[in-house]
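To start, the structure under review is shown below, and the notes come after it.
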Amino acid sequence: MKIGILALQGAIREHRNLLRRLSIETVDVLNPDDLDGISGLILPGGESTTVGKLLVRYDLLEPIAALGRKGLPILGVCTGLILLSKHINNSEQYRLNLMDTYVERNAFGRQLASFEADMSIPVLGDKPFHTVFIRAPYINKVGDNVKVLLSDEGKVLFAEQDNLLAVAFHPELTDDTRVHEYFLNKINNFSEQ
Ligand code: GLN
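Written as C-alpha cells, this is what we have:
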C-alpha cells in the first residue's frame with residue numbers, strides 16, 4: 000500500500016514520519032502523475048486559500064476531486080478539512096467540493112486560535128486523544144450522509160462521509176497514531192468492496 004501526501008504546503012514531513020512508523024510507504028504529491036497507484040491521499044494542514052490556488056496551478060484540483068468522487072480514501076487535516084468541503088461559509092475559495100459539510104474557517108476566537116485538549120473519540124477507543132488545534136476550522140452543519148466522529152459544543156471536529164475523513168485538529172503532531180490507523184482501516188475496507 001502506498002499513501003500520497005499532498006506536498007504543496009504545510010505539515011508534510013510529520014505525516015510521512017508517522018506513516019513510516021506504521022511501515023507504510025508514502026509518495027509526495029506535486030503533480031498529477033504522483034497520484035498513480037496510490038491507495039489513499041492525505042491533505043495536510045496549511046493555509047487553505049493558498050493550497051487551493053496551488054492545486055489549480057499544479058493541475059491537481061480536478062484530478063484529486065475526480066479520484067475522491069470515484070472512492071479514493073482521502074484524509075483532510077485542518078486545511079484539508081476545508082478543501083474537502085462543499086460549503087465554506089463566507090468564502091468563494093477553491094475547493095475539492097466533495098463532502099457535504101459547512102465549514103467555518105479560523106472559527107475559534109482569537110485567544111483560542113490555537114489550543115490543545117484531551118478529547119474522547121469513541122471510534123478510536125477508550126483512551127482520550129490529545130488534540131492539537133492550530134487556527135482550526137470547524138464544521139457547523141453536516142448533511143445526512145456525514146457521520147460525526149467528534150463534536151464539542153455543537154462544533155463538529157472529526158467527520159466521515161463514505162471514503163472521506165475530515166479532522167480539524169492535527170493528529171500528525173502527536174505520537175498517537177490512531178487517527179491514521181483509522182484511515183488505513185478505511186482504505187482496507189474500501190479495497191475489499
Ligand atoms: N486557518 C487555516 C486555513 O484556513 C487552517 C490552519 C491549519 O491547517 N492548521 O486554511
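The numbering of the sequence shown is numbering that gives the first Met the number 0, which starts it at 0 and goes up by one.
Beta carbons are placed, not taken as given, at the ideal position from N, Cα and C, and that holds for glycine.
Heavy atom of the ligand GLN within 6 angstroms of residue i beta-carbon
i	result
Gly44	yes
Ile87	no
Ile133	yes
Asn162	no
Asn30	no
Ser84	no
Thr78	yes
Arg104	yes
Ser47	yes
Bridge partners - residue i, DSSP secondary structure assignment
i	result
Gln160	Leu163
Tyr101	His86 and Lys140
Thr128	The amino acid at residue 128 is misidentified as Thr; the sequence shows Phe. Met118, per the DSSP bridge assignment.
Ser22	Ser22 is not bridged to any residue.
Gly3	Val26 and Leu40
Asp33	Answer is none; Asp33 lacks a bridge partner.
Val147	Ala158
Ile73	Leu40 and Leu163
Ile133	Ser113
Inter-residue CB distance, residue i and residue j (contact presumed, cutoff 8 angstroms)
i	j	result
Ile2	Leu18	6 angstroms
Leu83	Leu60	Contact flag wrong, Cβ pair sits at about 12 angstroms.
Val76	Gln8	In fact, because the Cβ distance is near 12 angstroms, the residues do not count as touching under 8 angstroms.
Val131	Leu66	28 angstroms between Cβ atoms; not a contact.
Tyr101	Lys52	Their Cβ separation, rounded to whole angstroms, is 22 angstroms, which puts Tyr101 and Lys52 out of contact at 8 angstroms.
Arg104	Ile81	6 angstroms
Assigned exposure category for residue i - 16 Cβ within 10 Å defines buried
i	result
Asp33	buried
Lys146	exposed
Glu91	exposed
Gly142	exposed
Val178	buried
Distance cut-off 6 angstroms: residue i Cβ against heavy atoms of the ligand MN
i	result
Asn139	This structure lacks the ligand MN; the ligands present are the ligand GLN.
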